[in-house]
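Chemist: Residue numbering for the sequence shown follows our numbering, starting at 274 and increasing by one per position. Next up is a structure, given as structure tokens.
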Amino acid sequence: MNGFTLKEGMLLGTASAATQIEGGETDHSWLDWAHRGFIADGSTPARADGHYRRWQEDDALMETLGLQIARIGVEWARVEPKEGEYDEEALAHYVREVEWFNDHGIRPLVTLHHFTNPMWFERKGAFEKRENIADFLRFVDKMVRVFGARVNEYITINEPNVYAANGYYFGIWPPGERSLFKTIHVMNVLAEAHIDAYGLIHVLQKQMGVTGTRVSYANHVRVFAPKDPQNILHRFFARLTERFFQGSLSKTMGTGKPSFPIRNFGRAPHGLYCDFIAVNYYTRSTVAGFGDGVRQGVPVNDMGWEIYPQGIVECAQKLYAIHPLPVYITENGTCDNRDEFRCRYLYDHLQALCTCGLPVERYYHWCFTDNFEWTAGESARFGLVHVDYETQQRAVKRSGLFYRDIIAAGGVTEEMYQEYVEHQQYRNNG
Ligand code: FCB
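Below is the structure:
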């Protein structure tokens, strides 16, 4: 018998980030990066899905498909285009959108920082400088006050490890630096920024009489496996890479207790700095040295990332061991440009989650619509809804219909399995 039932009370929806869907010539680090020629297909976030203007069409489509929750991002550079100057129209825009969600029974979770910085912040050194945390907190303060009781769930910072590693170690994202020292320092500053923002949001919501506040940051977590499990060096590097990439930050950001290689973290008392475990999970990395890779002969997506469904539970379990809190899968999805295996991917990951012992309360699929996938630009499609970038036409994919049916049925029945999943196969990498 195939199929599964969703966990009791578990809610399903999608996640997105402002830069990846909104479009517009907003003066931020990713438009700048695109203008400097670093996007593989030459596209820029100025086009994307035009969601900033088409938000009602997109959000109404979410409602049609029965989505229960939506993780959305705010573009800091739109809200605060110049240091200390706020754009009232942009603020009103985001308020309108979350109001719409609340009125239509879709619960919003708002991400405050998702990789992109306003250029004025980038130019002054962004999170390389501890004193710049004050700028981020001013923005957080503004948003939380403006949203008031309309939002009581926040992600402070999305994937601080990916931001730091890609921007400061690999040099492939803004600002294009290559320094292990800086990478670790930026991780430090991000950890402080999160902990300060966590406290601030709670204080503000309390002052405003808002209840049920839940705040966290989104961990990008992978399984790190030794290329040759018998090789002691491979095993050592798998552990070391995991610690540098995610383990150390997860502990520090969640508890305020510095964990090597994060060292000079001195301000916050040790405690608990998240109200739920936020898991962004995509893949497993195979390690033979300091870095990551993909094993041969395994199922992969269109970007070559290994598809390893059980890893979503393994990663959530590791975080749960640090602090046993409700689990939100804040991102999970795959690049499948022709929508040939996304139904199977959805099935396998949701089944793993629904049959594990963890308290999984939310699942936000990445992403609702195809979107601007950072340096891969428009060439990597992660959506449940297809976007024709030229005409901006939306078309629900088969996987979008499957998702709708999962929500309606509270799981996957044998009939649904046969209709959507049975005939789909993953492709192996050689
Ligand atoms: C995650 C990012 C998200 C999206 C997916 C595919 O690492 O948080 O913005 O690009 O990967």
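Just so you know, even glycine gets a beta-carbon here, dropped at the ideal spot from N, CA and C.
#1: Identify every run of the alpha helix (DSSP H) within the segment 636-691, keeping only runs that are complete inside it and at least 4 residues long; order them along the chain.
#2: Ignoring anything shorter than 4 residues or poking outside the segment 306-379, list the alpha helix (DSSP H) runs there in chain order.
#3: Along the chain, where does the beta strand (DSSP E) that runs through I535 open and close?
#4: Quick one: Cα of S289 to Cα of W639, how far?
#5: Report all residues from its chain with a CB closer than 8 Å to the CB of L453; omit the five preceding and five following residues, and keep chain order.
#6: Based on the DSSP output, what are the partners of H696 in its beta bridges?
#7: Sort S652, C547, A365 by Cα distance to L473 and report the nearest one.
#8: Rounded to whole angstroms, how far is the Cβ of L657 from the Cβ of Y636, which I believe are closer than 8 Å?
#9: In or out: P433 buried (at least 16 other Cβ within 10 Å) or exposed?
#10: Could you tell me whether the segment 325-333 touches the segment 608-628, where touching means 3 or more Cβ pairs closer than 8 Å?
#11: Output the boundary residues of the beta strand (DSSP E) element that contains P499.
#12: Is the closest heavy atom of the ligand FCB to the C-beta of A290 under 7 Å?
#13: Measure how close the beta-carbons of N644 and D322 come, nearest whole angstrom, since I'm counting them as under 8 Å.
#14: Using a Cβ-based criterion (distance less than 7 Å to any ligand heavy atom), does N553 qualify as near the ligand FCB?
#15: Can you grab the Cα-Cα spacing for the pair D612 / R671, in whole Å?
#16: Looking only at DSSP bridge pairs, what is F277 linked to?
#17: Looking only at C-alpha atoms, which of I535, R536, T525, N553 sits nearest to H543?
#18: Out of curiosity, what's the CA-to-CA distance linking A313 and G485?
#19: To the nearest angstrom, how far is the alpha carbon of K500 from that of P534?
#20: Pull up the CB-CB distance for A466 and I430, whole angstroms please, since I reckon it's below 8 Å.
#21: Among D661, D609, K455, P599, which has the Cα closest to the Cα of A653?
#22: For H386, which residues from the same chain have a beta carbon less than 6 Å from its beta carbon, with the 5 sequence-adjacent residues on both sides left out?
#23: So what's A288 in DSSP terms, helix, strand or just coil?
#24: Which runs of the beta strand (DSSP E) spanning at least 3 residues fall entirely within the segment 391-468, listed in chain order?
#25: Taking the alpha-carbon positions, what's the G339 to G683 distance?
#26: So, with DSSP's three-state summary, where would you put Y618?
#27: Once the 5 residues before and after V462 are set aside, which same chain residues still bring their CB inside 6 Å of it?
#28: Measuring CB to CB, does H301 end up less than 8 Å from A350?
#29: Round the Cβ separation of F388 and T292 to the nearest angstrom and send it over; I've been treating them as touching at under 8 Å.
#30: Return yes when at least one heavy atom of the ligand FCB lies under 7 Å from the C-beta of N431, else no.
Modeler: The short version:
#1: 671-682
#2: Runs of the alpha helix (DSSP H) inside the segment 306-379: 324-338, 349-352, 361-376.
#3: Neither: I535 is in no beta strand (DSSP E) and is coded neither H nor E.
#4: Each residue's alpha carbon lies about 7 Å from the other.
#5: Y442
#6: The partner list for H696 (beta bridge, DSSP) is empty, contrary to what the question assumes.
#7: Nearest of S652, C547, A365 to L473, Cα basis: C547.
#8: The pair is not a contact, with the Cβ atoms about 13 Å apart (cut-off 8 Å).
#9: buried
#10: no
#11: P499: member of the beta strand (DSSP E) spanning 487-499, first to last residue.
#12: Yes, the Cβ of A290 comes within 7 Å of a heavy atom of the ligand FCB.
#13: 6 Å
#14: Within 7 Å of the C-beta of N553 there is at least one heavy atom belonging to the ligand FCB.
#15: 7 Å
#16: V685
#17: Taking each of I535, R536, T525, N553 in turn and checking the Cα distance to H543, the smallest one comes out for T525.
#18: 43 Å
#19: 24 Å
#20: 7 Å
#21: D609
#22: I430
#23: Assignment of A288 by DSSP, reduced to helix, strand and coil, places it in the strand class.
#24: With a minimum length of 3 residues, the continuous beta strand (DSSP E) runs that stay inside the segment 391-468 are 426-431.
#25: 11 Å
#26: helix
#27: F400, R403
#28: yes
#29: 7 Å
#30: yes
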